[in-house]
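Engineer: Residue numbers (my numbering): 1346 to 1826.
Even for Gly, the Cβ is constructed at its ideal location relative to N, Cα and C.
Note that this is a predicted model, so its numbers are computed, not measured.
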């Protein structure tokens, strides 16, 4: 690794001002940025100050501490221990006149990177500091990467001050280190995938794969092969062996979303896998074993589906070990400003914009809108606004029309009200079931037309998943002309 010395900060700790000045002069002559502290207390003040950002400058942490200490001194031993504990990305090099093997071993055990003795040879000093600087840069880069991964997969993306969201955070932290099966319940767009990733990232199998599959987005005839794999010739088009998602997730976590969409036959197969962690690929008699953590999610109440005979009771009891319920966004209105600002910062970065914030009217519109698509719909609305905004502050004109009650969703509701006013919803002699079916068909058709037959947007607007929408369209014979 090539290190540019003028970007490396070295803190010299020595109670002898002449020695400290000599070391500072030598290091500065080789391009290092140096500072001096005469006591351990002063050293910690320097380290803490360097970590803090101010309005005028970002943090400028030290990479290397060059400390002249005696390993027989309790204060010096504490200095080394505390630096390693409080500033783990800082590399410590020890300078001492007590150049015994015992002192060196003690220093290394306490976390020193290297050990030099007086008298200091300049070439050796520069060589060791250079190696320590490389180590410091590597530690800083790894720390930054960990923060990025945590921000991408961790709780930083699951924002909320709502009491129920705080309970979600607590459950994530409690259940993640275990191997317990987790069931999440919540509408589409409430963040179930983010929670699943956060659980994985904090689990014992965090270094293993994370595999996500939406059971509702894959045709029933292909789902078994997708999950469990198949062998060559198992069905038409199976030209080669293919491992399934469970094998891909071996040693890690598999997230089964929209589990409520699984057929009765698939539910039975999943029950066995959850009980035994064993299965046979399609077309094979060979049993495959996997070691995988299972997280599941449903966007419909499974107890209701069990009562209706659409979901196996034994499977429900098997997966309902730890339940995490994600509230819809319309029930956590006070979190909308927090989320909106988060997405604004995200898309300012990604789109290289400099939008300052939201007008009072725009934020009020966001908080008054029901968001049937939940957090995902809010994110899309903010992204759109960042793209369209030309005034430096997002206003209502930048928001989607349906959010400001000027667009398709309001029009759709007006049309539904018109049906009711005209008496077309019910008439004498018509059964309740026929009336409800007719109304449901009309609502779905209106939603499809208002969303230009885009199934994903229509499903989000209606608060149902795409699989349910497809089934309803087939049931009522709704096809685009």
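Determine the burial state of residue 1366: buried for a count of at least 16 other Cβ atoms within 10 Å of its Cβ, exposed for fewer.
Structural biologist: To locate residue 1366, count along the chain shown from 1; it is residue 21. Exposed, by the Cβ-count rule.
Engineer: Please state whether DSSP places residue 1544 in a helix, a strand or coil.
Structural biologist: Reading the chain shown from its first residue, position 199 is the one you call residue 1544. It is helical.
Engineer: Report all residues from its chain with a CB closer than 7 Å to the CB of residue 1384; omit the five preceding and five following residues, and keep chain order.
Structural biologist: In the chain shown, the residue the question calls residue 1384 occupies position 39. Result list for residue 1384: 1360, in chain order.
Engineer: Quick check: is the beta carbon of residue 1703 nearer than 8 Å to any beta carbon in chain C?
Structural biologist: The question asks about chain C, but that chain is absent: this structure has only one protein chain.
Engineer: Inspect the beta-carbon positions of residue 1537 and residue 1723 and report whether they are closer than 8 Å.
Structural biologist: Locating residue 1537 in the chain shown gives position 192, where the first residue counts as 1. Locating residue 1723 in the chain shown gives position 378, where the first residue counts as 1. No, these two residues do not count as a Cβ contact at 8 Å.
Engineer: Looking at residue 1565: is its Cβ nearer than 8 Å to the Cβ of residue 1589?
Structural biologist: Taking the chain shown and counting its residues from 1, the one referred to as residue 1565 is at position 220. Taking the chain shown and counting its residues from 1, the one referred to as residue 1589 is at position 244. For residue 1565 and residue 1589, no; Cβs fall outside 8 Å.
Engineer: What separation, rounded to the nearest whole angstrom, lies between the Cα atoms of residue 1498 and residue 1597?
Structural biologist: Within the chain shown, the letter at position 153 stands for residue 1498. Within the chain shown, the letter at position 252 stands for residue 1597. Low per-residue confidence applies at residue 1498: pLDDT is 47, beneath 50, and the placement is therefore not dependable, though the value from the model is reported in the following sentence. About 15 Å.
Engineer: Mind checking residue 1626: buried by the 16 CB within 10 Å criterion, or exposed?
Structural biologist: By one-based count along the chain shown, residue 1626 stands at place 281. So residue 1626 counts as buried.
Engineer: In the DSSP assignment, the beta strand (DSSP E) including residue 1684 goes from what residue to what residue?
Structural biologist: Counting from 1 along the chain shown, the entry for residue 1684 is found at position 339. No beta strand (DSSP E) holds residue 1684; the alpha helix (DSSP H) holding it covers 1681-1696.
Engineer: Give a yes or no on whether the C-beta atoms belonging to residue 1314 and residue 1375 are separated by under 8 Å.
Structural biologist: As displayed, the chain neither begins before 1346 nor continues past 1826, which places residue 1314 out of reach and without an answer.
Engineer: Could you tell me which of 1437, 1464, 1505 and 1451 sits nearest to residue 1474, measuring between CA atoms?
Structural biologist: Numbered from its first residue, the chain shown carries residue 1474 at position 129. Considering only alpha carbons, the answer is 1437.
Engineer: Return helix, strand or coil for residue 1527, following the three-state DSSP convention.
Structural biologist: Start at 1 with the first residue of the chain shown, and residue 1527 comes out as number 182. In this structure, residue 1527 counts as strand in the three-state DSSP scheme.
Engineer: Per DSSP, which one or two residues make a beta bridge with residue 1587?
Structural biologist: Start at 1 with the first residue of the chain shown, and residue 1587 comes out as number 242. Note: residue 1587 sits in a beta bridge opposite 1575.
Engineer: Exposed or buried, residue 1644, counting other C-beta atoms within 10 Å across all chains shown (16 or more means buried)?
Structural biologist: Indexing the chain shown from 1 puts residue 1644 at position 299. Buried is the call here.
Engineer: Tell me which same chain residues have a C-beta within less than 7 Å of the C-beta of residue 1524, skipping the five on either side of it?
Structural biologist: By one-based count along the chain shown, residue 1524 stands at place 179. 1638, listed in sequence order.
Engineer: Is the segment 1722-1742 in contact with the segment 1543-1552, if contact means three or more CB pairs nearer than 8 Å?
Structural biologist: Segments in contact, no.
Engineer: Compute the distance between the beta-carbons of residue 1661 and residue 1685, then report whether it is under 8 Å.
Structural biologist: Looking up residue 1661 in the chain shown gives position 316. Looking up residue 1685 in the chain shown gives position 340. No; because the gap between Cβ atoms is not below 8 Å, this pair is not in contact.
Engineer: Give the range of the beta strand (DSSP E) segment to which residue 1632 is assigned.
Structural biologist: On the chain shown, position 287 is the one that residue 1632 refers to. Looking at the DSSP string, residue 1632 is not in any beta strand (DSSP E), and its letter there is neither H nor E.
Engineer: Determine the direct distance from the alpha carbon of residue 1604 to that of residue 1619, and round the result to whole angstroms.
Structural biologist: Taking the first residue of the chain shown as position 1, residue 1619 is located at position 274. Taking the first residue of the chain shown as position 1, residue 1604 is located at position 259. Computed Cα separation, rounded: 13 Å.
Engineer: Which residue comes first and which comes last in the beta strand (DSSP E) that contains residue 1381?
Structural biologist: Taking the chain shown and counting its residues from 1, the one referred to as residue 1381 is at position 36. Where residue 1381 is concerned, the enclosing beta strand (DSSP E) stretches over 1378-1382.
Engineer: Which class does residue 1817 belong to by DSSP, given the choice of helix, strand or coil?
Structural biologist: For the purposes of this step, residue 1817 is taken as the residue at position 472 of the chain shown. Here residue 1817 sits in helix by DSSP.
Engineer: Kindly indicate the opening and closing residues of the beta strand (DSSP E) around residue 1669.
Structural biologist: Locating residue 1669 in the chain shown gives position 324, counting from the first residue. Where residue 1669 is concerned, the enclosing beta strand (DSSP E) stretches over 1667-1670.
Engineer: Taking the CB atoms as reference points, tell me whether residue 1790 and residue 1814 lie closer together than 8 Å.
Structural biologist: Position 445 of the chain shown, counted from the start, is the residue given in the question as residue 1790. Position 469 of the chain shown, counted from the start, is the residue given in the question as residue 1814. No, they are not a contact pair.
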